[in-house]
Amino acid sequence: MSSSVVKINGIHKHFGGLHALKGIDLTIEQGEFFGLLGPNGAGKSTLINILAGLTKPTSGRVSVMGFDVDQQYQQARKLLGVVPQELVFDPFFNVREMLRFQAGYFGRGRENDAWVDEILEGLGLTEKAHTNMRRLSGGMKRRALIAQALAHRPPVIVLDEPTAGVDVELRQMLWEFIKRLNREGHTIILTTHYLEEAETLCRRVAMMKQGEIVALDSTVNMLNQFSGKNLVLKLSGAPLPSGLEQLLKSKEDQTYTLALSDLDQMEGVLSTLRLENVKVEDIQLKEADLEDVFLSLVGSSALKSEMGDVA
Amino acid sequence: MIQLHSNWRGAYTLFKKELLRFWRVAFQTIASPVLTALLYLLIFSHVLSGHVKVYEEVAYTAFLIPGLIMMSILQNAFANSSSSLIQSKVMGNIVFILLTPLTHLQLFLAFLAASMIRGLMVGIVIYVVALFFVDLPVANGAWILTFAFLGSALLGTFGIIAGIWAEKFDQMAAFQNFVIMPLTFLSGVFYSIHSLPQFWQTLSHFNPFFYMIDGFRYGFFGKGDVSPWFSLTVVVGFLLALAWGCLKMLESGYKLRT
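Here the protein sequences come in this chain order: A and B.
If you count by numbering that gives the first Met the number 0, then the first sequence holds residues 0 to 310, one letter each, in order.
If you count by numbering that gives the first Met the number 0, then the second sequence holds residues 0 to 257, one letter each, in order.
So this is what it looks like as structure tokens:
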């Protein structure tokens with residue numbers, strides 16, 4: 000029996016002349032912690048909005064646990080908890096009132112209060128429960144926004160850039176809470192452009208570029224495809240010898256990051272530096288990360304067919 | 000297609016939230032329009048009483064009160080749904096409603112019911128306060144209630160339409176100043192349309208606000224410019240047409256869902 004919770008088939012979206020989504024196919028399984036990655040304008044939020052019923056696709060179908068988000072929107076929306084990207088709030092009410100209203104819209108009454116308390120506790124909002132939304136700090140508003148999406152206890156939680164502009168401490172706290180929900184069986188769908196975040200949290204990721212999925216695989220598999228390493232060199236004054244420029248990945252002041260396809264290349268790099276009398280102030284060897292995978296993939300559409308569209 | 004579904008607790012929650020929204024700022028949403036209406040009453044009755052007599056045996060001040068009550072009901076029913084929607088759209092928190100499983104009909108009814116209650120509350124307070132100053136007859140209470148309910152429903156619906164249509168506060172202000180205000184003031188709030196030149200009289204017959212006010216006033220004095228049955232037909236017709244248009248807008252996601 001299939002345990003798919005979200006099925007996206009052949010989704011196209013046109014905004015006037017802009018072809019924002021170009022035939023997206025994607026299946027997300029029960030209990031997954033799934034990451035949707037891509038630069039700004041890749042189409043991540045449009046896809047999330049279609050899933051949430053905020054945007055209508057030009058063509059294609061999306062279902063949540065078998066319920067079509069357009070034809071059976073009532074059932075589909077009950078299963079989804081969506082955290083919008085923008086920091087929006089209702090200025091008339093306090094945190095607890097908003098959570099009660101939000102749960103109420105989904106048909107839940109006072110019997111849901113224990114869950115509301117649990118969310119407030121889990122997100123560190125208990126002390127702010129009776130504070131008007133308007134008076135909350137930015138970080139607290141972000142927590143309240145997440146709490147609102149969870150108020151009706153949805154099995155599928157969609158977070159659209161939840162940590163944009165959030166400080167490190169709050170970010171850690173939010174992720175601990177979301178990880179706990181995932182362990183308890185909630186399916187998590189996350190869009191982010193913080194690739195480190197996705198690498199740590201998501202077991203599977205899709206990378207989007209210009210309205211298309213250019214890669215879709217488990218995070219581990221994606222990283223394993225890149226056996227290479229990054230060699231970070233801080234040079235004192237002298238430029239990088241021309242013989243090494245073909246390996247150059249990035250440069251910031253006198254710090255050069257070289258992409259090595261294997262460790263054997265390192266000896267060659269060091270001997271070139273010695274021969275050219277370039278003094279090295281610092282040296283670090285780093286594993287390839289999702290950013291390397293991402294840069295490599297979004298730069299080469301040919302890789303798309305290699306990665307395959309898993310639908 | 001309109002779907003009736005069992006999530007009526009959801010619709011009730013939205014209705015309750017909309018009620019609380021205006022009740023939290025009752026000074027602005029209830030007290031302020033009551034004061035405005037009473038100022039109109041004070042000034043117009045002072046200036047025109049003794050100069051204008053619309054119906055025999057009905058003092059001008061008494062004639063004026065039903066018009067002012069109805070005008071306030073209409074304006075406040077409109078203001079409630081339209082301001083709630085435009086604020087939510089501009090602030091972005093409309094998303095919390097759009098993400099819910101509420102049907103188009105449930106959304107419509109929740110916003111409508113809250114608007115009607117605000118309009119009727121303002122109307123009742125003006126009526127009660129006015130009784131301290133004027134002896135107001137009641138010829139037929141059923142007509143009064145019927146037109147109060149229908150008028151508040153019609154303008155509550157109009158407010159939802161305007162709230163969906165407008166994208167900015169200035170568009171809403173334009174709608175209010177260029178559509179609602181002229182229709183209200185040119186509807187016979189302060190006068191009988193029979194006192195108007197023929198051209199304006201004819202034009203008034205195309206104004207649905209005229210029928211709401213005339214029918215409402217008929218309930219007090221048993222007299223009107225047209226038959227209350229005719230007014231009822233016109234008002235119900237307009238209400239059904241607007242409600243149908245409003246539901247179509249909600250169903251299609253016009254200006255709400257991209």
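All C-beta atoms in this analysis are idealised placements derived from N, C-alpha and C, irrespective of residue type, glycine included.
What you are looking at is a predicted structure, and each value in this text was computed from that prediction instead of being measured.
Test: residue i CB closer than 8 Å to a CB of chain B
{"i": "Val68 of chain A", "result": "no"}
{"i": "Lys77 of chain A", "result": "yes"}
{"i": "Asp89 of chain A", "result": "yes"}
{"i": "Gln283 of chain A", "result": "no"}
{"i": "Tyr72 of chain A", "result": "yes"}
{"i": "Gly9 of chain A", "result": "no"}
{"i": "Phe100 of chain A", "result": "yes"}
Helix, strand or coil at residue i according to DSSP, with G and I counted as helix
{"i": "Ile1 of chain B", "result": "For Ile1 of chain B, the predicted model reports a pLDDT of 41, less than 50, meaning its position is unreliable; a value from the coordinates is still stated below. Three-state DSSP puts Ile1 of chain B in coil, outside helix and strand."}
{"i": "Arg60 of chain A", "result": "strand"}
{"i": "Arg319 of chain A", "result": "Chain A is shown from 0 up to 310; residue 319 of chain A falls before or after that span and cannot be answered."}
{"i": "Tyr255 of chain A", "result": "strand"}
{"i": "Gln283 of chain A", "result": "strand"}
{"i": "Gly236 of chain B", "result": "helix"}
{"i": "Glu17 of chain B", "result": "helix"}
{"i": "Val87 of chain A", "result": "coil"}
{"i": "His11 of chain A", "result": "strand"}
{"i": "Val292 of chain A", "result": "helix"}
{"i": "Ser251 of chain B", "result": "helix"}
{"i": "Asp263 of chain A", "result": "helix"}
{"i": "Leu247 of chain A", "result": "strand"}
{"i": "Val94 of chain A", "result": "helix"}
{"i": "Thr183 of chain B", "result": "helix"}
{"i": "Val24 of chain B", "result": "coil"}
{"i": "Asp112 of chain A", "result": "helix"}
{"i": "Thr257 of chain B", "result": "coil"}
{"i": "Lys233 of chain A", "result": "strand"}
{"i": "Phe32 of chain A", "result": "strand"}
{"i": "Gly65 of chain A", "result": "coil"}
{"i": "Thr145 of chain B", "result": "helix"}
{"i": "Ser3 of chain A", "result": "strand"}
{"i": "His193 of chain B", "result": "helix"}
{"i": "Asp213 of chain B", "result": "helix"}
{"i": "Val133 of chain B", "result": "coil"}
Contact list for residue i against chain A, beta-carbon separation under 8 Å
{"i": "Gly9 of chain B", "result": "Gly103, Tyr104, Phe105 and Gly106"}
{"i": "Thr257 of chain B", "result": "Phe14, Asn48, Leu53, Thr54 and Lys55"}
Within-8 Å CB hit, residue i to chain A
{"i": "Met79 of chain B", "result": "One point to set straight first is that residue 79 of chain B is Asn, not Met, in the sequence displayed. So, not an interface residue."}
{"i": "Leu101 of chain B", "result": "yes"}
{"i": "Arg216 of chain B", "result": "no"}
{"i": "Thr201 of chain B", "result": "no"}
{"i": "Leu13 of chain B", "result": "yes"}
{"i": "Gly252 of chain B", "result": "yes"}
{"i": "Arg117 of chain B", "result": "no"}
{"i": "Asn6 of chain B", "result": "yes"}
{"i": "Lys222 of chain B", "result": "no"}
{"i": "Lys16 of chain B", "result": "yes"}
Proximal residues of chain B, C-beta to C-beta of residue i below 9 Å
{"i": "Pro83 of chain A", "result": "Gly91, Val94, Phe95 and Leu98"}
{"i": "Gln253 of chain A", "result": "Per Cβ cutoff of 9 Å: no residues; Gln253 of chain A is ~45 Å from chain B at best."}
is_contact[residue i, chain C] using C-beta, thresh 8 Å
{"i": "Leu53 of chain A", "result": "No chain C is part of this structure, whose protein chains are labelled A and B."}
Supposed contact pair residue j and residue i - C-beta distance, whole angstroms, cut 8 Å
{"i": "Ala36 of chain B", "j": "Leu67 of chain B", "result": "5 Å"}
{"i": "Ala146 of chain A", "j": "Leu124 of chain A", "result": "6 Å"}
{"i": "Phe33 of chain A", "j": "Leu122 of chain A", "result": "About 21 Å separates the two Cβ atoms, so there is no contact after all."}
{"i": "Ser81 of chain B", "j": "Ala147 of chain B", "result": "With 8 Å as the limit, Ser81 of chain B and Ala147 of chain B do not qualify as a contact, their Cβ atoms being about 19 Å apart."}
{"i": "Ile29 of chain B", "j": "Val124 of chain B", "result": "7 Å"}
{"i": "Gly223 of chain B", "j": "Phe209 of chain B", "result": "No, Gly223 of chain B and Phe209 of chain B are not in contact; Cβ-Cβ is about 10 Å, not under 8 Å."}
{"i": "Val279 of chain A", "j": "Leu222 of chain A", "result": "About 27 Å separates the two Cβ atoms, so there is no contact after all."}
{"i": "Ala76 of chain B", "j": "Ser151 of chain B", "result": "4 Å"}
{"i": "Leu149 of chain B", "j": "Val234 of chain B", "result": "5 Å"}
{"i": "Gly91 of chain B", "j": "Glu85 of chain A", "result": "5 Å"}
Contacts of residue i in chain B (Cβ-Cβ under 8 Å)
{"i": "Gln147 of chain A", "result": "Phe95"}
Closer than 7 Å at the beta carbon, the chain A residues around residue i
{"i": "Lys247 of chain B", "result": "Per Cβ cutoff of 7 Å: no residues; Lys247 of chain B is ~15 Å from chain A at best."}
{"i": "Lys167 of chain B", "result": "In chain order: nothing, as chain A lies at least about 17 Å away."}
Check: residue i C-beta below 7 Å from any heavy atom of the ligand ATP
{"i": "Arg216 of chain B", "result": "No copy of the ligand ATP appears in this structure; indeed no ligand is present at all."}
Legend entry - Sequence ranges, alpha helix (DSSP H) only - wholly within the stretch 26-83 of chain B, length at least 4: 31-47
Legend entry - Completely contained beta strand (DSSP E) runs for the stretch 163-229 of chain A, where each covers 3 or more residues: 186-191, 203-208 and 211-217
Inset, instruction - Could you name each continuous alpha helix (DSSP H) segment of 4 residues or more that falls completely within the stretch 93-126 of chain B, going from the start of the chain to the end? - result: 94-97
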